[in-house]
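Asks: Residue numbers (the numbering used here): 60 to 430.
Beta carbons are placed, not taken as given, at the ideal position from N, Cα and C, and that holds for glycine.
1) Do residue 425 and residue 348 have their CB atoms nearer than 9 Å?
2) Which first and last residues belong to the beta strand (DSSP E) in which residue 245 is found?
3) Kindly indicate which three-state DSSP category residue 165 falls into: helix, strand or coil?
4) May I ask you to verify whether the stretch 175–184 touches the stretch 370–378, counting CB pairs closer than 8 Å and requiring at least 3?
5) How would you write the range of the beta strand (DSSP E) that residue 297 sits in, first residue to last?
6) Based on Cα-Cα distance, which residue from 264, 215 and 123 lies nearest to residue 163?
7) CB-CB under 6 Å to residue 205, same chain, minus the five flanking residues each way: which ones, in chain order?
8) Cβ of residue 254 within 9 Å of Cβ of residue 276?
9) Please return the same chain residues whose Cβ sits closer than 6 Å to the Cβ of residue 110, not counting the five positions on each side in sequence.
10) Going residue by residue through the stretch 154–209, where are the continuous alpha helix (DSSP H) segments of at least 4 residues, counting only ones entirely within it?
11) Residue 334 lies in the beta strand (DSSP E); which residues open and close that run?
12) In whole angstroms, what separates the C-alpha of residue 66 from that of residue 72?
13) Could you work out which residue in 334, 341, 248 and 167 is closest to residue 26 when comparing CA atoms only?
14) Please report how far the alpha carbon of residue 267 lies from the alpha carbon of residue 112, in whole angstroms.
15) According to DSSP, simplified to helix, strand and coil, what is residue 359?
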């Protein structure tokens, strides 16, 4: 599954069912979340797994051309993927009539220019076609009409890296890891106020408490846990009452968060949640491609309101405006970036509303703002 939790098998089936002479499969390694380097680790450390997974996706869907779309900021990953592709051609794993199977498959690396929005599949396709990396409304979905208007499958690197393991060990082996709704493992990048930061791979369904306290060693300086932001910049911030929630797609969605890219940012008692929301929204607003008004202008207005609040210039009615803008942006934006952009604000309003109200009275409970 990708960050949104859509089953890979169903996506592949859609493309397989399409009657087209040309189909494409793409590995999405456009990892733009701050502090996230899961895809980078896999493409630098084991590029052959990604190549094998992408070729398998091509075989399963009837595609004959694959692309690995990599951030240009990952030069070592680009170098190692290109070397692995070269080795695969020399060994006969890529090219014409692979091992006499009748299956032909070619693969190339394409480098992105660094736009965060190109992690969204329709924006990625636009970039591959040589256009500005801007998303398009869906439907049609890429599995039906994608790159050059042909059926196209886009999977993230971690998904494709799991494919060879599942084929080798069987689906039952994979389903015995994790839980019923979200089988397998997930790689997370855990950062922030914990004793042990870095990449972790854990079974899906492990609780936040187990990850933060058992795997990451607890809060730095033995301070009190305050919140964890899950799913990248557009993820939600969850308080301590949700520490025992399992990390799976369905459970996180129910409480206003998402697995997303797999980023986990842990915050201690000294964090101001209004300032945290401003930090993430600033990133999102800066990375908006500007194509649709709700995301382009809506996030700018929201950021201005948060800047007022953290500067001690908030006015009564600002919180209501934030909520109104959040709902508008969520419902009217073209792509997933815009639709999830309000999440840091909506989740902190849900769980830390008292801090927003305190800022209206020029009081930052954490002592972070108004310096």
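Replies: Considering the structure as presented:
1) Mapped onto the chain shown, residue 425 falls at position 366. Mapped onto the chain shown, residue 348 falls at position 289. No, these two residues do not count as a Cβ contact at 9 Å.
2) Here residue 245 is taken as the residue at index 186 of the chain shown, counted from 1. Start and end: 244–251.
3) Your numbering for residue 165 matches position 106 in the chain shown. Strand.
4) Between the stretch 175–184 and the stretch 370–378, the count of C-beta pairs closer than 8 Å stays below three; the two stretches do not touch.
5) For the purposes of this step, residue 297 is taken as the residue at position 238 of the chain shown. Segment 295–298, the beta strand (DSSP E) holding residue 297.
6) Position 104 of the chain shown, counted from the start, is the residue given in the question as residue 163. Looking from the CA of residue 163, the closest CA among 264, 215 and 123 belongs to 123.
7) Residue numbering aside, residue 205 sits at position 146 when the chain shown is read from its first letter. Apart from sequence neighbours up to five positions away, the residues of its chain that approach residue 205 with a beta-carbon distance below 6 Å are 184 and 211, ordered along the chain.
8) On the chain shown, residue 254 is found 195 positions in, with the first residue counted as 1. On the chain shown, residue 276 is found 217 positions in, with the first residue counted as 1. Against a cut-off of 9 Å, the Cβ pair of residue 276 and residue 254 comes out as a contact.
9) In the chain shown, residue 110 corresponds to position 51, counting from 1. Excluding residues within five positions, the ones whose Cβ falls inside 6 Å are 143 and 147.
10) With a minimum length of 4 residues, the continuous alpha helix (DSSP H) runs that stay inside the stretch 154–209 are 180–187.
11) For this step, residue 334 is matched to residue 275 along the chain shown. Taken as a continuous stretch (DSSP letters only), residue 334 belongs to no beta strand (DSSP E), being part of the alpha helix (DSSP H) at 332–346.
12) Locating residue 66 in the chain shown gives position 7, where the first residue counts as 1. Locating residue 72 in the chain shown gives position 13, where the first residue counts as 1. Straight across, the Cα-Cα distance linking residue 66 with residue 72 is about 10 Å.
13) Past the edges of the chain, shown from 60 to 430, lies residue 26, and the structure says nothing about it.
14) By 1-based counting over the chain shown, the position of residue 267 is 208. By 1-based counting over the chain shown, the position of residue 112 is 53. When only Cα atoms are considered, residue 267 and residue 112 end up about 30 Å apart.
15) Walking along the chain shown from the start, residue 359 turns up at place 300. The three-state secondary structure of residue 359, taken from DSSP, is helix.
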